[in-house]
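The structure appears below as structure tokens.
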Amino acid sequence: MSYTIFNPPEHLSKLVRYYWFLDYQAETDQDILKIFADPYPRIIFQHNNGNSCIKKAEGVLSNSFLAGITTVPYECTIGSCEVTGVSLYPHAMKILFGTDAHELRDDLVELLNFAPGKLTERILESNNKSQRIEILNEFLTIELNRRELAVDPLIYGALEWMEVPENTCRIDYYYRYFKMSERHLERQFRNFIGVSPKKLLRIKRFEKSMLMLASPEIPFTEIAYHLNFSDQSHFIKDFNDLSGLTPGLFRKQKIITSESNSIVTT
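Next comes the structure, spelled out in structure tokens:
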């Protein structure tokens, strides 16, 4: 099993976080892929000899799909497979595909709805990571130049502001600092990000809690305090809402591999 990431070219770097590749050898017939709340949309190509290897309760997923921002956790089963992924920044969906981001929230949509079928064929047929990156760079550059949509600078400002550790809880500070209305920013976030600023902050705080939980010596009370929860019980409830697990159960997971806010367990 191998997991590797590659940076995008400069002209795509404000939309694409990174390209990633996973060659996965399943440990059982029912390895579990747990997807938690995740602020980063993604494009996925996955197969085993041309066949899909990821299955939800509703059925087998397409060989290629677009996943919007995730606010509700869910599970899939996964078999041995080869995965090519594109991790996108939250605002990239609207710019690249011309669709309001809220329409893709918590959804997995066949890529064929947004890209020519030949793209998936070329990615699945290529055994060379560099070649796959070139194919993706070409496709994403065409989509970027086709629409030339401009993002409200206030969105970029808000996203950068959210990356500051002490700004993980109170979006109202941002409204006051930039002297803007909550309604305006929420409307822009709905279209370009898919969720409200408050919801995005909540998910990003959840991400930080997962990183802290990776250190078993850090008690829950310290995590709750560091992330400005009112108390430990509120932290546990919030974590469970966004992951489907309590913090204690999360620490007990046998994690085989992970990508962004997703883990594979047995």
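Numbering (full-length UniProt numbering), first residue to last: 1 to 266.
Virtual Cβ for every residue (Gly too), placed ideally from N, Cα, C.
Alpha helix (DSSP H) segment containing residue i, residue limits
| i | result |
| --- | --- |
| residue 225 | 220-226 |
| residue 155 | 153-162 |
| residue 207 | 197-213 |
| residue 182 | 182-192 |
| residue 248 | 247-252 |
6 Å CB neighbourhood of residue i in its chain, flanking five on each side removed
| i | result |
| --- | --- |
| residue 5 | 18 and 20 |
| residue 140 | 12 |
| residue 229 | 235 |
| residue 97 | 114 |
| residue 105 | 68, 69 and 194 |
| residue 22 | 3 and 83 |
| residue 8 | 16 |
Classification of residue i by the beta-carbon crowding that lies within 10 angstroms, buried from 16 upward
| i | result |
| --- | --- |
| residue 237 | exposed |
| residue 194 | buried |
| residue 31 | buried |
| residue 188 | buried |
| residue 200 | buried |
| residue 173 | exposed |
| residue 113 | exposed |
| residue 64 | buried |
| residue 150 | exposed |
| residue 121 | exposed |
| residue 50 | exposed |
| residue 73 | buried |
| residue 85 | buried |
| residue 255 | exposed |
| residue 219 | exposed |
| residue 116 | exposed |
| residue 267 | Nothing can be reported for residue 267: it is not among the residues displayed for the chain, which extend from 1 to 266. |
| residue 211 | exposed |
| residue 209 | buried |
| residue 90 | buried |
| residue 221 | exposed |
| residue 202 | buried |
| residue 205 | buried |
| residue 249 | exposed |
Pick from the options that is closest to residue i, judged by C-alpha positions
| i | options | result |
| --- | --- | --- |
| residue 60 | 46, 204 and 134 | 46 |
| residue 16 | 79, 88 and 41 | 88 |
| residue 185 | 164, 206, 155 and 205 | 155 |
| residue 123 | 162, 44, 91 and 69 | 44 |
| residue 207 | 242, 142, 233 and 220 | 242 |
| residue 107 | 66, 128, 146 and 97 | 66 |
| residue 263 | 78, 118, 117 and 158 | 78 |
| residue 110 | 211, 52 and 202 | 52 |
| residue 147 | 137, 92 and 248 | 92 |
| residue 179 | 157, 131 and 163 | 157 |
| residue 10 | 137, 223 and 182 | 137 |
Sequence-distant residues of the same chain with beta carbon closer than 7 Å to residue i, five excluded per side
| i | result |
| --- | --- |
| residue 25 | 1 and 80 |
| residue 152 | 188 |
| residue 133 | 6 and 19 |
| residue 28 | 266 |
| residue 142 | none |
Start-to-end residues for the beta strand (DSSP E) that takes in residue i
| i | result |
| --- | --- |
| residue 229 | Per DSSP, residue 229 belongs to no beta strand (DSSP E) and is neither H nor E. |
| residue 21 | 16-24 |
| residue 6 | 2-6 |
| residue 108 | 108-110 |
| residue 33 | 31-35 |
| residue 259 | 255-259 |
| residue 266 | Segment: none, residue 266 is in no beta strand (DSSP E) and carries neither H nor E. |
Proximal residues to residue i (C-beta, below 8 Å), its chain only, five neighbours per side dropped
| i | result |
| --- | --- |
| residue 191 | 94, 100, 101 and 102 |
| residue 251 | 213 and 216 |
| residue 76 | 32, 33, 35, 54, 55, 56 and 61 |
| residue 260 | 38, 40, 42 and 87 |
| residue 246 | 236, 239 and 240 |
| residue 135 | 119, 122, 123 and 126 |
| residue 48 | 79, 80, 81 and 82 |
Whole alpha helix (DSSP H) elements within the region 38-101, 4-residue minimum: 92-97
4-residue-minimum alpha helix (DSSP H) runs that sit fully inside the region 115-145, ordered along the chain: 117-125
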